[in-house]
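J.: Chains as they are written, first to last, in my numbering: chain A, 1 to 223; chain B, 224 to 485; chain C, 486 to 965.
Take this structure, written in structure tokens, and hold onto it; I'll ask about it next.
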Amino acid sequence: MSARDRILGKLKAAAPASAGELPDVAAWYAAHRGTESVADKARRFRQCIELAHAEVYSVSRGGWLQKLYEVLSAKQLEQLLVAPGTAHGKRAQEELVPLGIACPAYDQPIEQWKAAMFTATPAAFTAARAAIAETGTLILWPDADEPRLMSLVPPIHIVLLDAATIHNTFYEAMQREGWQQGLPTNALLVSGPSKTADIQQTLAYGAHGPKELVVLLIEENPQ
Amino acid sequence: MSSARTATPRPTDIYFFATCVVDQFFPGAGMDAITLLERQGIRVHFPDEQTCCGQPAYTSGFPDEARKVAAHQLTLFPEAWPVVVPSGSCAGMMKHHYPTLFARDPVRKAQAEALSARVYELTDFLVNVLNFKPEDCGSDCTVVLHTSCSARREMGVHLTGRQLLGDLVKVTVAQQDHESECCGFGGTFSIKQPEISGAMVEDKVKALKATGAERVVSADCGCLMNILGHAAWKDAQEGRSTPSLPGEHIASFLLRRTGGAQ
Amino acid sequence: MSTPQTPHTLHFMPSAGFRARAKDVVENPFLRKSFRGAMDFLMSKRAAQFPDAEELESLRSLGERIRQYNLAKLPTLLEQLEANLTKNGINVHWAETPEEANAIILGICQKHSARLMVKGKSMVSEEIELNHAAEAAGIGALESDMGEYIVQLAHEKPSHIIMPAIHKTKEEIAKLFAENVPGVAYTDNVDALIQIGRNVLRQKFLEADIGLSGVNFAVAETGTLCLVENEGNGRMCTTAPPVHIAITGIEKIVEKLEHVPPLLSLLTRSATGQNISTYFNMISSPRKPGEKDGPNEVHLVLLDNGRSQAYADEQLRKTLQCIRCGACMNHCPVYTRIGGHAYGTTYPGPIGKIISPHMLGLEATATMATASSLCGACGEVCPVKIPIPELLMRLREESFSAPHANPAMRGQGAGYSRLVSAIWRAWAAVYRSPGLYRLATWAGSRFSWLMPANQGAWTTVRTPLKPAPKRLRDMLKERG
Chain A
1 MSARDRILGK
11 LKAAAPASAG
21 ELPDVAAWYA
31 AHRGTESVAD
41 KARRFRQCIE
51 LAHAEVYSVS
61 RGGWLQKLYE
71 VLSAKQLEQL
81 LVAPGTAHGK
91 RAQEELVPLG
101 IACPAYDQPI
111 EQWKAAMFTA
121 TPAAFTAARA
131 AIAETGTLIL
141 WPDADEPRLM
151 SLVPPIHIVL
161 LDAATIHNTF
171 YEAMQREGWQ
181 QGLPTNALLV
191 SGPSKTADIQ
201 QTLAYGAHGP
211 KELVVLLIEE
221 NPQ
Chain B
224 MSSARTATPR
234 PTDIYFFATC
244 VVDQFFPGAG
254 MDAITLLERQ
264 GIRVHFPDEQ
274 TCCGQPAYTS
284 GFPDEARKVA
294 AHQLTLFPEA
304 WPVVVPSGSC
314 AGMMKHHYPT
324 LFARDPVRKA
334 QAEALSARVY
344 ELTDFLVNVL
354 NFKPEDCGSD
364 CTVVLHTSCS
374 ARREMGVHLT
384 GRQLLGDLVK
394 VTVAQQDHES
404 ECCGFGGTFS
414 IKQPEISGAM
424 VEDKVKALKA
434 TGAERVVSAD
444 CGCLMNILGH
454 AAWKDAQEGR
464 STPSLPGEHI
474 ASFLLRRTGG
484 AQ
Chain C
486 MSTPQTPHTL
496 HFMPSAGFRA
506 RAKDVVENPF
516 LRKSFRGAMD
526 FLMSKRAAQF
536 PDAEELESLR
546 SLGERIRQYN
556 LAKLPTLLEQ
566 LEANLTKNGI
576 NVHWAETPEE
586 ANAIILGICQ
596 KHSARLMVKG
606 KSMVSEEIEL
616 NHAAEAAGIG
626 ALESDMGEYI
636 VQLAHEKPSH
646 IIMPAIHKTK
656 EEIAKLFAEN
666 VPGVAYTDNV
676 DALIQIGRNV
686 LRQKFLEADI
696 GLSGVNFAVA
706 ETGTLCLVEN
716 EGNGRMCTTA
726 PPVHIAITGI
736 EKIVEKLEHV
746 PPLLSLLTRS
756 ATGQNISTYF
766 NMISSPRKPG
776 EKDGPNEVHL
786 VLLDNGRSQA
796 YADEQLRKTL
806 QCIRCGACMN
816 HCPVYTRIGG
826 HAYGTTYPGP
836 IGKIISPHML
846 GLEATATMAT
856 ASSLCGACGE
866 VCPVKIPIPE
876 LLMRLREESF
886 SAPHANPAMR
896 GQGAGYSRLV
906 SAIWRAWAAV
916 YRSPGLYRLA
926 TWAGSRFSWL
936 MPANQGAWTT
946 VRTPLKPAPK
956 RLRDMLKERG
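Written out as structure tokens, the structure reads:
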């Protein structure tokens with residue numbers, strides 16, 4: 001008999017006849033979490049993620065690229081990893097290169113340029129699929145065009161977020177977007193730059209992931 | 224829970240379950256609690272056959288022995304009167320653990336549940352059933368209150384002792400550091416793990432003394448035995464002849480502040 | 486009594502030495518102050534996250550309900566999880582013992598001729614002492630969580646399940662780095678120390694053949710492994726190396742994805758007082774065709790190691806509700822006095838006391854259950870309402886009762902003593918009989934002068950106990 005059969009055998013022999021009703025998660029959220037306007041959610045999202053040390057800039061739908069350029073200039077970045085297979089990545093590459101920013105693309109498997117990714121990639125630019133107001137959280141769904149390591153390895157991560165996609169809670173996000181129907185290879189919640197308090201409970205940023213997280217928040221009426 | 228308690232009609236008679244610690248080590252506290260209750264016009268009945276709630280065996284991992292002792296107590300309160308206990312920890316045992324202890328004995332379980340419903344910790348009974356508002360006859364003084372873990376977490380009566388002391392206009396109640404932390408008694412824990420228990424009571428006594436209060440009061444004699452025992456030991460170590468932290472049961476303090484036995 | 490098995494955990498320290506280890510810490514004022522400060526910090530952070538007592542209570546009830554529901558369906562959910570993970574391309578392995586788990590993991594390493602495994606924080610990997618087994622097999626196992634990295638450099642074990650290096654000061658860490666990391670000068674600046682760790686470990690993430698991680702929640706309906714972390718090393722371990730191996734206890738499973746948000750919220754708020762962790766990483770498959778990064782192979786090892794024993798008993802099963810937040814230890818007055826190492830087990834504190842006996846047997850852990858005043862602080866803060874004090878009393882009973890057939894636990898009766906049992910029987914005989922009680926307490930009050938000044942453990946820091954000259958019942962009689 002395999003370990004599997006032995007473990008399952010022991011558990012099945014002891015499992016109660018009934019697990020009872022499914023826990024009513026929906027009722028808890030209905031009773032304890034309200035709904036908010038897009039502007040209110042954006043405000044709350046911003047407040048929370050700024051508390052977690054992220055930089056947030058409110059931008060108009062047409063104006064994010066200008067702000068992206070300003071952020072890069074302020075940080076004296078001359079190179080930005082982009083995903084040209086996405087609309088925002090393509091636009092960034094098209095418009096930033098003439099302004100003197102090198103925009104290498106993540107267009108080959110990591111095995112072919114792993115060392116360069118780890119040692120010579122100062123910043124990356126991706127979009128967020130959505131966000132969560134309650135906790136100041138970005139939802140990232142990396143894919144073939146915008147791979148996973150973009151939001152992890154470069155010391156600076158710049159994210160484009162549309163305020164209209166902000167959900168109130170994590171629960172609301174997964175319900176509205178039907179996540180239980182299927183998840184991507186890797187779905188991520190990101191709520192600030194990488195940090196640790198493992199040395200004497202002293203907070204330090206940039207433990208292993210990005211030291212800086214910049215959010216370009218697209219709003220209808222930018223603040 | 225508190226609304227149900229408030230709705231309890233004012234009884235004319237009650238049972239007093241003293242606990243074995245009060246009977247043997249703090250009889251004065253028991254007398255004072257009884258006097259305090261009688262002064263409210265209540266007839267207090269002390270079943271002479273009472274011994275111990277059974278908790279020492281129960282928490283030490285000997286439920287069979289606890290059950291035997293508890294079964295005896297179940298028979299002592301035939302009238303439907305409230306059973307008042309001057310200890311949060313023993314009251315917690317009778318109120319919350321008796322029904323579990325007799326889970327496999329339907330007759331006794333029913334008795335335990337019936338008893339459980341009328342068990343009250345003393346300060347809870349004074350405040351929520353008798354609506355007792357002590358009138359202070361004493362002079363200015365500062366005390367510090369220690370609430371037992373059972374009273375706080377099991378009985379949820381950590382506010383009633385504070386309320387009673389708060390009603391005494393000339394008494395200031397000092398606030399100690401880490402107020403809700405255990406004093407380190409824990410029954411046989413103090414014997415089985417003396418180093419850890421000793422460190423806990425050391426910290427507790429330091430925190431109580433640091434308030435500058437002239438005495439500690441508590442509604443639990445187990446904690447008092449531990450706290451006062453350590454304070455006295457420390458006094459002896461350091462050559463003090465007067466206690467640096469005197470203490471007493473809250474019933475004794477309340478009785479004295481409100482004119483004594485009369 | 487069952488024969489104690491050969492201890493499989495090489496670093497496990499027997500509970501026989503518990504009191505001596507506890508004493509060492511208790512008598513060290515520096516450590517006492519340091520643990521107190523750290524626990525105060527964590528307690529206040531948690532309290533700030535739960536300003537609304539009613540909401541906290543209802544969320545804890547929901548958390549408890551979710552855990553109990555999923556445990557009730559555990560065998561079915563494990564099969565569902567296995568089927569969905571397999572469908573997603575993740576390999577599922579089962580291990581009954583630490584030895585089996587290590588063999589599975591090292592087998593995968595050897596198949597890939599791996600030389601270096603980078604590890605995200607995983608208490609289950611500590612439980613099976615994977616680092617030790619890997620070393621013996623010639624495979625480097627490097628901890629990458631900052632706290633774990635520090636502890637590994639110091640050849641120690643974590644002293645807290647969430648804050649592994651909580652027992653160390655920055656000065657000690659500065660010295661450790663200066664002595665062990667090539668080319669590093671002494672600095673006790675925390676930012677600088679973290680940068681040193683970052684630089685060393687980045688190189689290792691780049692080189693590693695295998696990434697190992699734990700799992701916080703495994704979702705059966707979608708076949709998803711969820712990981713909670715702040716540093717990003719967990720993401721590194723699960724994304725950068727070509728192979729990812731996750732290991733988890735069989736209990737960390739939920740049926741529905743919607744069970745995750747309440748548990749996540751309870752976990753991060755209870756653990757470190759964060760409304761959410763920096764990263765919540767949900768992995769549902771290895772790299773798919775066309776994707777440019779992520780491991781090509783993902784494995785999940787499901788470990789029993791005594792959990793099925795706890796599962797078999799309705800009361801003990803509640804132990805498995807745990808989501809490993811560590812709030813019980815942060816609020817424990819005993820943990821605060823002695824820190825994590827004194828326990829000698831992988832999991833310290835209240836949760837350690839109730840889970841370790843299932844992993845190591847009561848014969849090796851019986852002392853731990855007595856190291857509690859049953860103050861209830863752990864149960865009060867537990868986000869999934871595990872009745873820890875009740876379980877401690879149950880473990881005391883299992884340990885001290887006479888060995889019998891079909892015990893609920895390995896090592897039942899390990900603490901049995903004929904003498905102690907006889908004392909309790911005598912105690913019960915006296916206290917159940919009013920006559921004997923009256924006689925005994927009368928004698929006690931009459932002859933209290935006979936009470937010795939030395940009352941053993943009690944009088945090490947307290948004055949001796951003396952019965953009052955008159956009992957309450959005597960005073961009442963006199964009053965008439």
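Note that beta-carbon positions come from the ideal geometry of N, C-alpha and C, so glycine has one too.
What residues from the stretch 787-812 of chain C come within 7 Å of chain A, judged by C-beta to C-beta, listed N to C?
T.: Correct list: D789, S793, Y796 and A797.
J.: Report yes or no: is there a C-beta of chain C within less than 8 Å of the C-beta of G284 (chain B)?
T.: Yes, G284 (chain B) lies at the interface with chain C (some Cβ there is under 8 Å from its Cβ).
J.: In three-state DSSP terms, what is R822 (chain C)?
T.: helix
J.: Which term fits F515 (chain C), buried or exposed, when burial requires 16 or more other beta carbons within 10 angstroms of its beta carbon?
T.: Counting C-beta atoms within 10 angstroms of its own C-beta, F515 (chain C) has fewer than 16 neighbours from the protein chains shown and is therefore classed as exposed.
J.: In whole angstroms, give me the CA-to-CA distance for T757 (chain C) and A197 (chain A).
T.: 10 Å
J.: Near P154 (chain A), what residues of its chain come up, given a Cβ to Cβ distance below 7 Å and the 5 sequence neighbours on each side ignored?
T.: L81, T121, P122, A123, A124 and P210
J.: What are the uninterrupted segments assigned as alpha helix (DSSP H) that are 4 or more residues long and contained completely in the stretch 131-216 of chain A, given in chain order?
T.: 170-176
J.: Please name the residue in B:V342, B:D390, B:A397 and B:G277 whose C-alpha comes closest to that of A374 (chain B).
T.: B:V342
J.: What does the alpha-carbon distance come out to for the pair K660 (chain C) and D676 (chain C)?
T.: 15 Å
J.: Any beta carbon of chain C sitting closer than 8 Å to that of A39 (chain A)?
T.: no
J.: So, does the CB of N186 (chain A) fall closer than 8 Å to a CB anywhere in chain C?
T.: yes
J.: For the stretch 646-676 of chain C, which residues have a beta carbon sitting closer than 8 Å to at least one beta carbon of chain A?
T.: M648, P649, A650, I651, K653, T654, K655, I658, V675 and D676
J.: Any chance you could list the beta strand (DSSP E) runs of at least 3 consecutive residues sitting entirely within the stretch 784-833 of chain C, in chain order?
T.: Counting only runs that start and end inside the stretch 784-833 of chain C, there is no beta strand (DSSP E) element of at least 3 residues.
J.: Just how far apart, CA to CA, sit G775 (chain C) and T707 (chain C)?
T.: 22 Å
J.: Excluding the five sequence neighbours on either side, which residues of its own chain have a C-beta within less than 7 Å of the C-beta of A474 (chain B), listed in chain order?
T.: Closer than 7 Å at the Cβ level, and outside the excluded window around A474 (chain B), lie A252, D255, A256, L259, P309 and L345.
J.: Bridge partners of E336 (chain B), per DSSP?
T.: The partner list for E336 (chain B) (beta bridge, DSSP) is empty, contrary to what the question assumes.
J.: Kindly give me the distance between the Cβ atoms of E549 (chain C) and V869 (chain C), rounded to whole angstroms, as I take these residues to be in contact under 8 Å.
T.: 5 Å
J.: List the endpoints of the continuous alpha helix (DSSP H) containing G864 (chain C).
T.: Residues A862 to V866.
J.: Give me the residue from C:R958, C:V866 and C:L601 with the minimum Cα distance to L541 (chain C).
T.: C:V866
J.: Where does F325 (chain B) fall in DSSP's three states?
T.: coil
J.: Using a cut-off of 9 Å between C-beta atoms, extract the partners of F885 (chain C) located in chain B.
T.: S283, G284 and F285
J.: Reducing DSSP to helix, strand and coil, say where H53 (chain A) ends up.
T.: H53 (chain A) falls in the coil class under three-state DSSP.
J.: Please name the residue in B:K415, B:P417 and B:F408 whose C-alpha comes closest to that of K427 (chain B).
T.: Of B:K415, B:P417 and B:F408, the smallest CA-CA separation from K427 (chain B) is found for B:F408.
J.: With DSSP as the reference, label M117 (chain A) as helix, strand or coil.
T.: In the three-state reduction of the DSSP assignment, M117 (chain A) falls in the helix class.
J.: In the DSSP assignment, what are the bridge partners of S698 (chain C)?
T.: DSSP links S698 (chain C) through a beta bridge to C:A731.
J.: So I551 (chain C) packs on A204 (chain A), CB below 8 Å; how close in whole Å?
T.: The pair is not a contact, with the Cβ atoms about 34 Å apart (cut-off 8 Å).
J.: Quick check: is the beta carbon of A953 (chain C) nearer than 8 Å to any beta carbon in chain B?
T.: yes
J.: If we cut at 8 Å on Cβ distances, does Y828 (chain C) have a partner in chain B?
T.: no
J.: Below 8 Å on the Cβ atoms is my guess for M814 (chain C) versus H645 (chain C); work out the distance and round it to an integer in Å.
T.: In this structure, M814 (chain C) and H645 (chain C) form a Cβ contact; the two beta carbons are roughly 6 Å apart against a cut-off of 8 Å.
J.: Give me the DSSP bridge partner(s) of E714 (chain C).
T.: C:Y764
J.: Could you please tell me which residues of the stretch 344-376 of chain B, in chain order, have their CB closer than 7 Å to any CB of chain C?
T.: Those would be C372 and R376, in chain order.
J.: Which same chain residues end up closer than 6 Å to L710 (chain C) when comparing Cβ atoms and leaving out the 5 residues on each side of it in sequence?
T.: Excluding residues within five positions, the ones whose Cβ falls inside 6 Å are V700, A703, A731 and I768.
J.: On the premise that E418 (chain B) lies in contact with K508 (chain C), defined as a C-beta separation below 8 Å, what is that separation, rounded to the nearest angstrom?
T.: K508 (chain C) to E418 (chain B), Cβ: 4 Å. Contact.
J.: Closest Cβ-Cβ distance between M174 (chain A) and chain C: below 8 Å?
T.: yes
J.: Classify I908 (chain C): buried if its beta carbon has 16 or more other beta carbons within 10 angstroms, exposed otherwise.
T.: The residue is exposed, with fewer than 16 neighbouring Cβ atoms inside 10 Å.
J.: For the stretch 42-54 of chain A against the stretch 127-136 of chain A, are there 3 or more C-beta pairs whose distance is under 8 Å?
T.: yes
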